[in-house]
Every structure is written in C-alpha cells, then in structure tokens.
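> One structure, as structure tokens, below. Some questions next.
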Amino acid sequence: MLELVAGLPEAEEPASEEPAVAGAPDVAVDVPLLSGQRQLWLAEQADPGSLTHTIPLVLDLTGPLRPDAFAAAVNDVVAHQPGLRGTFVEVDGRPVQRIQPHAGIDVPVHDLTGLDPSGREAERERLEHEIAYTGFDITRGPLLQARIVRLEPDRHQVQLLFHHLVTDEVSMTLLMQGLSTAYEARAAGRAPVLPRHEVDFATLARAEQDLLDGPEGERLRRFWARELAGASALRLATDHPRGDRARFRGEFLERPVSTAAAGALRELATAGRTTPFTVFCAAVSVLLHRLSGQDDIVIGIPTANRTQRGAEQLVGCFLNVIPIRLDLSGNPRFDELVQRVGAAVLRAYEHQQAPFADIVQTVAPQRVTGMHPIYQVTCELQLESWMPASFAGLGCEYRFISHGTARYDMAFHGLLRPSGLSAMLELNTDLWDHASGYQRIDQVLEIIAAVAGAPRTPIGDLDGVRHAA
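Written as structure tokens, this is what we have:
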C-alpha cells in the first residue's frame, strides 16, 4: 500500500474503548454499498465465485503459538469489525451490504507434526493451494476464512483468505493491529479492549453519495475530464495476442529481497524530498516509456479513499485505483522525472473521491475489447509498517499466495521489508510468458540501481532502459 497507510494513527485512538464483542447487532442490518464495493459487486455478478477478487495470505509464525488464543483473537476482530461480517445481496433490485450478527467463525487446526518431513511439506503445500483456489459465495458469509497449520511445536502457519469486498490495503493494517492486540490479551487470559468506532458504514455510504451528487462531485468529474483529455492506452508488445475478452489469468511473480534497492529508494526519496513510492513509480514509468515508445503514459495507483472522519478505523473496501498521467517527454533527468511523478500523484490524491467507474463514464475513452479502460498497468509500494503483525512471543513473516489471476495487464508491487525491497509483478499470462514477467521486474531493479548513484542521468541513458527492448 502507498505511504498514506503509514499515517494510520496508533496513538490517537478514541478515548472511548469497548470489549471486542460490544456493538455487534443482534439482527442483520442492510446498508448501502460504498463506491469501491459497487464496482467489485458488479464484477462478481459477471463472474460469480471468481478468484480474481480473493486475497490469500499466509502468516509464518515461529514460537509457542496458542491456537485457542489465536482463534479467539480472530473472532474478536470479526466481532469488532462489522465489515468482516458483511454479505452482499440484492434488495428491491439494489445491492446492499448485509451486516450479520456475530455468530463466531471456525478456525480449525491442522496438525501435521505426525508426518515425516517430506509428507509434512507436501500436505502444507496442498493446504496452501486449497485455500488459495477457494472461491466465495458473496451472498453467504463469512467472506473471511482462517485456519492454523501446525508444522512443529514452535512453528505454525496461519492461512487466511478474504474477499476483496470486505478488505483493502488499509484494512489489512487494521486487521493485523487488531489481531495482535486481541491475541496478546487472549494469551494472557483476558478479553481484549478495542477502540470504539466513530462512524458506521451506512453514514459513510450516504455521505459519499451526497458528495458525488453535489457540486464537489461535479468538480471532481471536471478535473478528470481535463486531466485525461487525449490520453491513449499503453501500446506494449506482448508474447501472445490479446483475446476478445479479458480472462484475468495470471501469476504473482517475485524476485529475492534486495537490500541495495531498498536503500536506493529511501536515499533517492530523501534527496528529492518525496516518498519511496514516487521513486518506485518513476522507475516503473521509465520502463513503460521504453517498452511502449510513448512519452504520455497513464498508469493506475491505489488510494485509500478514506477522507471522511472515522473511515480510517473500519475494515472494508474503500480502495479506489485511480489514474495518474505521466509526462516523460524531453528525455528528462531521473530526478526531474521523480518531481513530475510526485506532482501527478498529488493531483490524483486530491481528487481520489471520484470512483473509478465515474471517471470512466466521464472520460468515455475508446474501449478495446479485453483491455482495462484508461490504464492497463498499476504500481504500488507497501511500507514496512503496512502489516504490523506483532504477536506476543512469536516471530511473524507474511506472504501472499499466487492463485492464477491478474486484474490488469501488469501490476508492479514493491514491498519494503526490514531486510530490503521485495519486487513483485502480477502478470497477465494470457499476454506474456513468465520469463517476460521476471525480465520486467529485473529491469525495474536495474533502473533503480542505475540511478542510485546518478539521479541526474537522463532517462534515455539508463542501462535498464537501453536493455528493455
């Protein structure tokens, strides 16, 4: 997630706190959808049960895990966060989020300690694959699954699966904060106390719709019409011809952690008085410029879209992936390009409340069958603070599992860990082979390495650019 996730308040919790189970309704409550949820709901109607919008996540834990305390902590968070109890149904022809009473979710334990090492590893891989390739019926909950795999007495794996309708990048931060707090309390034999929410989904959804229907909504639409006037789709050579419809088949590719790349991103950001994300995005744009031959490039970036007070406390899908238009004309120095990218990012952030669907309707781009409108490539960077999983007495590493899907042609992901930068790519494998995807990751890392000691280098002279044919 972008740097804005790092701004989530840790010390500024409301003075009023409550036990985790307080506030859960006794009956189901229907609330309007947020704009981000509406887009996902429509996609789900076109392809029910699709894996495209599911998120499989693994926590690798070392130390003396208390499975009972962890299962209780998961239920504490579900009880505390109404969005995690949501299902999505139609009422009188309109989709609504139905917040269910908390009935408890099962967190089974799979004990593999009785197997020999090879059998244990094979079963772990099978369980990972099973949960990664599990779909959801969004009309029935919960849209979260969790289970614990015991590998050794002091080594466990927690396998989690979410539907994107109930979570986003900011939500993952909130989820891990809540799980960590609840597990510490449960392991100590007490109920957790979690901060009381300041606002509910119904209030936020109504306020969002009022804004979009009013003068501010019109101002947002005028901005995007001007910002994207005359913009063209990226023209990238592919290994395979584009089909007549998007099938969203892909793989999540990753290179080993690079300490040097992480240091370079931070140093370049400090020197340019900007953020590591802006530098990472600039490096990706240099590669796309070389691959396409285009000076005018539009890519997508995720924004939190939590501008209303209290929204930052709720787990749910507020995410809005918005376009940024980048000017790479004139063979600028890399440090100059970073400033251009930073300005474009700020412009987009200031207008992030316009739902992407509204942007598409306003701009009315020429549509190409099987191609995502306006942007086909996205870029994001998550900071070290993104997943603050700190469970009492346990070491924790997390990773995502590839499950054969890709929402865009290419989605560049960077993850800053304490050990360095993990560079990843979600690749549309209907268009490119794995080898091409790994090559693109390597080229971004080459660009970052090339500018680390020479940020004033014109982008046309960078090694990673010259080799990006």
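Per this note's numbering, numbering through the sequence shown is continuous, rising by one, with the last residue being 457.
Even for Gly, the Cβ is constructed at its ideal location relative to N, Cα and C.
1) If you scan the stretch 13 to 76 from start to end, which runs of the beta strand (DSSP E) of 3 or more residues do you find wholly inside it?
2) Buried or exposed: Thr357, going by 16 or more other Cβ atoms within 10 Å of its Cβ?
3) Suppose you measure from the CA of Ser4 to the CA of Ala299; what does that come to, to the nearest Å?
4) May I have a chain-ordered list of the beta strand (DSSP E) segments no shorter than 3 residues that lie completely inside the stretch 141 to 176?
5) By a C-beta neighbour count over all protein chains shown, 10 Å radius and 16 as the cutoff for buried, is Ala10 buried or exposed?
6) Quick check on Ile362: does DSSP put it in helix, strand or coil?
7) Within 10 angstroms of the Cβ of Ala442, are there 16 or more other Cβ atoms? Answer buried if so, exposed if not.
8) Please list the terminal residues of the continuous alpha helix (DSSP H) segment that includes His277.
9) In the DSSP assignment, what residue or residues form a beta bridge with Met398?
10) For Phe344, report the span of its alpha helix (DSSP H) as first-last.
11) Quick check on Ala3: does DSSP put it in helix, strand or coil?
12) Throw me the rounded Cβ distance for the Leu450 and Ile435 pair, which I believe falls under 8 Å.
13) Distance check for Pro406 and Gly448, CA to CA, integer angstroms please.
14) Do you know offhand how far Ala345's Cα is from Pro311's?
15) So, does the stretch 66 to 75 touch the stretch 154 to 165, judging by three or more C-beta pairs under 8 Å?
16) For the beta strand (DSSP E) holding Thr291, just list the boundary residues, first then last.
17) With DSSP as the reference, please indicate the residues paired to Asp99 in a beta bridge.
18) Which two residues bound the contiguous alpha helix (DSSP H) that contains Phe124?
19) Between which residues of its own chain and Arg143 is the CB-CB distance below 6 Å, once the five residues before and five after are set aside?
20) My assumption, with CB atoms under 8 Å, is that Thr155 sits in contact with Ile289. Please give the rounded CB distance.
21) Here's the rule I'm using: 16 or more other beta-carbon atoms within 10 Å means buried, otherwise exposed. How should Gln354 be labelled?
22) Where does the unbroken alpha helix (DSSP H) through Phe236 begin, and where does it stop?
23) Cβ of Gly238 within 8 Å of Cβ of Gly392?
24) Determine whether the beta carbon atoms of Ala271 and Leu409 lie at a separation below 8 Å.
25) State the CB to CB distance for the pair Glu385 and Asp48, rounded to an integer number of angstroms; the pair is presumed to be in contact (CB under 8 Å).
26) Got a sec? Which residues, its chain only, sit under 8 Å from Asp14 by beta carbon, not counting five neighbours each side?
27) Just reading off the beta strand (DSSP E) that Glu385 is part of, what are its end residues?
28) Considering only residues of the same chain and omitting the five flanking positions on each side of Asn63, which have a CB-CB separation below 7 Å?
29) If you draw a straight line from the C-alpha of Glu205 to the C-alpha of Leu275, how long is it?
30) When you compare each of Val46, Val84, His339 to Leu21 by their alpha carbons, which one comes out closest?
31) How would you write the range of the beta strand (DSSP E) that Pro83 sits in, first residue to last?
32) Distance check for Arg108 and Tyr337, CA to CA, integer angstroms please.
For this structure:
1) 17 to 20, 42 to 50
2) exposed
3) Note that Ser4 has pLDDT 47, beneath the 50 cutoff, so the model's placement of it is unreliable and the number below is only indicative. For Ser4 and Ala299, the distance between alpha carbons rounds to 17 Å.
4) 143 to 151
5) Its pLDDT being 45, under 50, Ala10 is placed unreliably by the model, and nothing is read from it.
6) coil
7) exposed
8) 264 to 280
9) Val365, Leu415
10) 344 to 351
11) Residue confidence is low: Ala3 scores 36 on pLDDT, short of 50, so the model does not pin down where it sits. Its coordinate-derived value is still stated next. Coil at Ala3, not helix or strand.
12) 6 Å
13) 32 Å
14) 12 Å
15) yes
16) 284 to 291
17) Arg138
18) From DSSP, Phe124 is part of no alpha helix (DSSP H); its letter is neither H nor E.
19) Thr50
20) Rounded, the Cβ-Cβ distance is 19 Å, inconsistent with contact.
21) exposed
22) That residue, Phe236, is in no alpha helix (DSSP H); it is neither H nor E in DSSP.
23) yes
24) no
25) 5 Å
26) Pro89
27) 383 to 388
28) Gly92, Ile93
29) In the sequence as presented, Glu is not what sits at residue 205; that position holds Gly. The alpha-carbon atoms of Gly205 and Leu275 are separated by roughly 34 Å.
30) Val84
31) 82 to 87
32) 47 Å
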